[in-house]
Structures are given as C-alpha cells and as structure tokens.
Amino acid sequence: MASTVRTLLPNLLTLGNLAAGSWAIALSYQQEWILFAAALGIAMACDWLDGFTARLLHAESPLGKELDSLADLVSFGIAPAFGLYNYLREPLPLLPYEREWRAWMVLAPFALPLLAAWRLARFTVEENPDKRFFSGLPTPAQGAFWAIWLLTGPQGPWLHPLVWMGFIALMGLAMVSRWPFLTLKSRSNLPWFLSLVVVGGAVLVFLPPPAWSPALLLTYALLSRLARLTPP
C-alpha cells in the first residue's frame, strides 16, 4: 500500500498541473486575467513539486514522464495560446491595422502549442549532460512570461502586429533553441537565481508593467549564458 501511494503521489501532482492548465483555458474566455495567472502559477507549482516528489520518493517512472509532458503542453503551450487569443478578441476590431495583419495576430498564438510540443518531445528523448541547464527555454517559463504579460494589460504599441507577433516568435524560438537556461534542480545555480530576483525587483520599480516580462526573460537568458561560461 505504501509503495502504491509513493508511486501515485507524483502523478497526482502532475494531474493537478493539467487541471490548473485546463482551468486557465476556461478563465481566458472570461478574461479573468488575475485568476488566469493564478491558475498557471498553480500549474507551475505542481510541475515543480511532481518532479521534486518523484526524486525524493524514488518514484520516477516512464508513465510519469509522459504524463508530465502532456500536462506541460496543456498548461504552458495551449493555455497561453488561448489566453492571447481571448485577450485580443475584444480590442481587435478597434486596432488601426489592415485586416490581413489582424488575421495574422489571431493565428499567431497557436504556433506556441506546436513549438511547446516540439520542445517537450525533445526533452523527453534527449539526455542532458549538464544538469545545471535546460536546452532551450523551459515551457513553464514561457507560460509565466505570458501570464505576467497579460496580467499587465498591454495596450497601444504593445498591440502593434509586429510587437505582438515578434514576442510570440521570440518565445517559440527560445523554446526550441539550444540556448542554455538555468534550472532550479542544481544548488550551484541558487546565486544566479538570487541575482535574477534582485534584477527582477529593479525591473518592477523602473519599467512600465508591459515591459516586465520581456525584461525578466532577457535577464534570465543573459544570466544563464554567463553562468554557462562560469565554472560550477
């Protein structure tokens, strides 16, 4: 019985990730962006806890690994795409851009689940020799980017077609890239994450809210590259 519970607990947390991501999709239709961000926050917490629990209890399994990828695809690929789509629905007819541009703005978010699926499948089949880093932007970080961005209510130039689609292209390419991104699985990375927290505090003070997500992502990427060049 104890063995069954030990094996089941990480998978229940993974299902919690999936449930929160599904809830976020529903919330996006109601344009409840605070609750949408909270749902993705719960999904991220479950995503971290399921892996931590599996390692702690020595309960890692092929089933858990596949289930984790499925949950991440829904929570951090599909949910952000629907968030962007539903955020755009209301202001779209009022945007002063050609009809073709507005059509591309509606379609662009749905590239995110495709690239997230590629990123997650690659993570499943490839061995990463350096456990301090992910290869490419982790899908939960991508979900956090959009949760924060939508929460800040971007308007005006932030909804220019080139800015809108540029951010989407940047996030998608970051996921499938080989750029090293720091992981919390390594204790040696804690000083780097503390640096990210310090810079994040400065970002919140000095930059307008819609710039928070891009600035934090840029900082995360640059600190990760610097850490890669520094001996562990």
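For what it's worth, my numbering labels the leading residue of the sequence shown as 792, then goes sequentially.
We put the CB at the ideal spot given by N, CA and C, even for glycine.
Since the model is a prediction, treat every value here as computed from it, not as a measurement.
Under the three-state reduction of DSSP output, Leu831 falls in the helix class. Contact check between the stretch 825–839 and the stretch 857–872: three or more CB pairs, one atom from each, fall below 8 angstroms, which counts as touching.
Taken in chain order, the whole alpha helix (DSSP H) runs of length 4 or more contained in the stretch 928–960 are 930–942. DSSP, reduced to helix, strand and coil, places Pro971 within a strand of the structure shown. Here the alpha carbons of Pro884 and Asp921 stand approximately 48 angstroms from one another.
Around Ala811, the same chain offers Ala830, Ile833, Ala834 as residues with beta carbons nearer than 6 angstroms, after the five sequence neighbours per side are excluded. Excluding five sequence positions before and after Leu804, the CB atoms of its chain that fall closer than 7 angstroms to its own CB belong to Cys837, Leu840, Asp841, Thr844, given in chain order.
Thr930 is classed as buried because its beta carbon has at least 16 other beta carbons within 10 Å across all chains shown.
Out of Ser926, Ser1015, Gly874, the CA that lies nearest to the CA of Leu985 is found in Ser1015. Taking all protein chains shown into account, Pro904 has 16 or more neighbouring C-beta atoms within 10 Å of its C-beta and is therefore buried. By the Cβ neighbour-count rule, Pro945 is buried, with 16 or more other Cβ atoms within 10 Å of its own.
Scanning the stretch 971–1012 from its first residue to its last, the whole beta strand (DSSP E) runs of 3-plus residues come out as 971–973. Gly874 is positioned such that its CB atom lies closer than 8 angstroms to that of Ser819. Nearest in C-alpha terms to Leu1017, of all of Tyr876, Leu886, Leu973, is Leu973.
Collapsing the DSSP output to three states places Ser852 in coil. With respect to the C-alpha of Arg880, the residue from Gln822, Leu928, Gly947 having the closest C-alpha is Gln822.
Burial state of Pro948 is exposed, judged by a 10 Å Cβ sphere holding fewer than 16 other Cβ atoms.
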